[in-house]
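**Q** Heads up: the protein sequence lines correspond to chains A and B, in order. To convert, note that position 350 of the first sequence is 350 in my numbering; the numbers rise steadily by one, no gaps. When you read off a place in the second sequence, starting at 1, and then add 1000, the result is the number in my numbering.
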Amino acid sequence: MKTVIPFGPQHPVLPEPFHVKLHMEGETIEGLDLQVGYCHRGLERIFQTDYKKVTFLIERICGICSFLHTLGYVRAVEEIMELTVPRRALIIRTIMAELERIHSHLLIIGLYGDALGYENYFMQSWRDRELVMELLEYISGNRVNYAMNQVGGVRRDLDEDRVKAAHKAIDELEKRTGDISKVLLNDVSIKLRTQGIAKLSKEDAIALGTVGPVARASGVAYDVRNTGYLIYPELNFKPIWETAGDNYARMQVRIRELFESYRMVREALKLLETEGSGEIMLAIKPNQRPNGQAFVRTEAPRGECFHYVKANGTPDLERVRVRTPTYANIYALTKMLPGADLADLPVAVVTIDPCLSCTDR
Amino acid sequence: MRTEETKKENLVAQAYEMKKEGWRLVCITGTDLSTDSEQKMEVLYHFARENEVRHLRVETDGTENYPSILSAYANALFLENELKEMLGIPVDGIKGELLLRLEDEVKAPLKRLRGVSYETREIKVEKNAEVAPQ
């Protein structure tokens, strides 16, 4: 029997609202219509203001990858103004970007456990996430919007105590992630409910322009960190990818990325220790204003994040455009879900790690 | 950032060619460059292939029909919807119903309103001018 079932905008598995109209044949999903926009705040219109203020505004796009939004934006403005950011600031930006990826991945791994009915798993993962959240607070003074980036550098340095605290937290996190990954990757029930379900082929992943762990789980070994921004080339970054393209592979990529992030944070911290103190911020004259346009790609926890800035030499920016990873990934649900059971839907939605505040702006 | 000028008549053919060459559509950015005397919009198509990037630039006055590249790039769907919804550019076959949910919301909020000076943000209301969504 054919039916239409609404999923969302409010649903226990969705931390943020979006709506899916499911076209069902019995228990099987035949097709779906997506509707976003419930978190639209008109931010791109508000960004047409003083370029210095936008650094703080753009951070408010998202509560999870807030650092990455400021990173993309300040990199674009720095490119327009032809600024060379101090090396120590680049190292600190790399550390912050990876810490943010760690907390984002631990968050979605917890929600994944919750969607599967593994509540202990959810609690364990979020308890581990607290370690990185506390570390971010110790470094920046904030848990969500860190206010670290500014055009020309970063606003806070990492002293010896903070570097030590970061080393300690990363060691503990690596041990704990090892424990939770054993369940995530080896549990028979989890495998039965995730392997071979909601598959996205490599061809579809490319055709639909998917990015991040969603694309990498389908065999597209594309990671913006490979393009050589910040200090990633020095850290010998290698993209993590799988080929199965199912729910299991998408979470497997994230688990493996966590270990790669721990390694890179550790190496970046060592660079801070060995190179000693230095400048973290360039002095910018009050009358120095951006004039031109720049396009920047940054690898956010959910994938490639795009920022475009156009300035005309006045204090106000002419245009700021943001295309977030979920914006690129969410449409892939229309290819992933047909053929899956209704009961598989919450888990499949969680595996694309949707962020609707980012998507809607 | 270097952009390549193209005409809207050639856009679809160029999109197919780029897809054939392995370019991925990253984003579409529409910007209203209108002044009090002239209505002008630019649409930038950002493409990437590994570490290379290309940007196509199309100029339009935003009133005549505008071609869609959806047949070449499936991920243009949301981007073109936003182009229509936020700037009011009439993209062929696109409804423009993506982000604005309420019927009484501001229409085309990124469209520069005639009668509003960009530099000073002073509203010089002309006869029959639209009301600025400040």
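Ideal Cβ placement from N, Cα and C applies to all residues, glycine included. None of these values were measured; they are calculated from a predicted model.
(1) Mark residue 1010/B as exposed unless 16 or more other C-beta atoms lie within 10 angstroms of its C-beta, in which case mark it buried.
(2) Whole angstroms are fine: how far does the CA of residue 219/A sit from the CA of residue 35/A?
(3) For chain A, find out if any of its Cβ atoms is closer than 8 angstroms to the Cβ of residue 1015/B; answer yes or no.
(4) What span of residues does the alpha helix (DSSP H) with residue 1055/B cover, start to end?
(5) Counting only C-beta atoms, is residue 328/A closer than 8 angstroms to chain B at any point?
(6) If you draw a straight line from the C-alpha of residue 1023/B to the C-alpha of residue 127/A, how long is it?
(7) State buried or exposed for residue 268/A, treating a residue as buried only when at least 16 other CB atoms are found within 10 Å of its CB.
(8) Taking the straight line between their C-alpha atoms, what separation do you get for residue 1079/B and residue 22/A?
(9) Count the CB pairs spanning the stretch 145-153 of chain A and the stretch 80-94 of chain A that are closer than 8 angstroms, and state whether there are at least three.
(10) At which residues does the alpha helix (DSSP H) containing residue 1081/B begin and terminate?
(11) Please return the same chain residues whose Cβ sits closer than 6 angstroms to the Cβ of residue 101/A, not counting the five positions on each side in sequence.
(12) Mind pulling the chain A residues with CB within less than 7 angstroms of residue 1091/B?
(13) Report yes or no: do three or more beta-carbon pairs, one from the stretch 116-136 of chain A and one from the stretch 282-298 of chain A, lie closer than 8 angstroms?
(14) Where residue 2/A and residue 184/A are concerned, what is the direct C-alpha to C-alpha distance, given to the nearest angstrom?
(15) So what's residue 1001/B in DSSP terms, helix, strand or just coil?
(16) Given that residue 44/A touches chain B, what residues does it touch there, using C-beta distances under 7 angstroms?
(17) Under 8 angstroms, Cβ to Cβ, is there at least one residue of chain A near residue 1078/B?
(18) Report the residue from 59/A, 354/A, 247/A, 76/A whose alpha carbon sits nearest the alpha carbon of residue 311/A.
(19) Closer than 7 angstroms between beta carbons: that is the criterion. Which residues of the stretch 1004-1033 of chain B meet it against chain A?
(20) On a CA-only basis, which of 341/A, 315/A, 299/A, 264/A is nearest residue 323/A? Give me that one, please.
(21) Candidates 252/A, 229/A, 230/A: which alpha carbon is nearest residue 363/A's?
**A** Answer, in terms of the structure:
(1) Here residue 1010/B is exposed: its Cβ has fewer than 16 other Cβ atoms, across all protein chains shown, within 10 Å.
(2) So the two alpha carbons sit approximately 28 angstroms from each other.
(3) Cβ-Cβ to chain A under 8 angstroms: no for residue 1015/B.
(4) Careful: residue 1055/B lies outside any alpha helix (DSSP H), inside the beta strand (DSSP E) at 1052-1060.
(5) It does; some Cβ of chain B falls within 8 angstroms.
(6) Going by the C-alpha atoms only, they are around 42 angstroms apart.
(7) By the neighbour-count rule (16 or more Cβ atoms within 10 Å), residue 268/A is buried.
(8) Looking at the two C-alpha atoms, the distance is approximately 23 angstroms.
(9) Counting Cβ pairs under 8 angstroms, three or more are found: they touch.
(10) If you look at residue 1081/B, you'll find it in the alpha helix (DSSP H) that goes 1076-1087.
(11) Cβ within range, chain order: 261, 301.
(12) Correct list: empty, because the minimum Cβ distance to chain A is about 17 angstroms.
(13) The stretch 116-136 of chain A vs the stretch 282-298 of chain A: no contact.
(14) Counting only the Cα atoms, residue 184/A lies some 35 angstroms from residue 2/A.
(15) Residue 1001/B falls in the coil class under three-state DSSP.
(16) The answer, in chain order, is 1110.
(17) Yes - at least one Cβ of chain A is within 8 angstroms of the one on residue 1078/B.
(18) Nearest to residue 311/A by C-alpha distance, out of 59/A, 354/A, 247/A, 76/A, is 76/A.
(19) Here the close residues are 1024, 1025, 1026, 1027, 1029, 1031.
(20) Of 341/A, 315/A, 299/A, 264/A, the residue nearest in Cα terms is 299/A.
(21) Not covered by the structure: residue 363/A. The range shown for chain A is 1 to 361.
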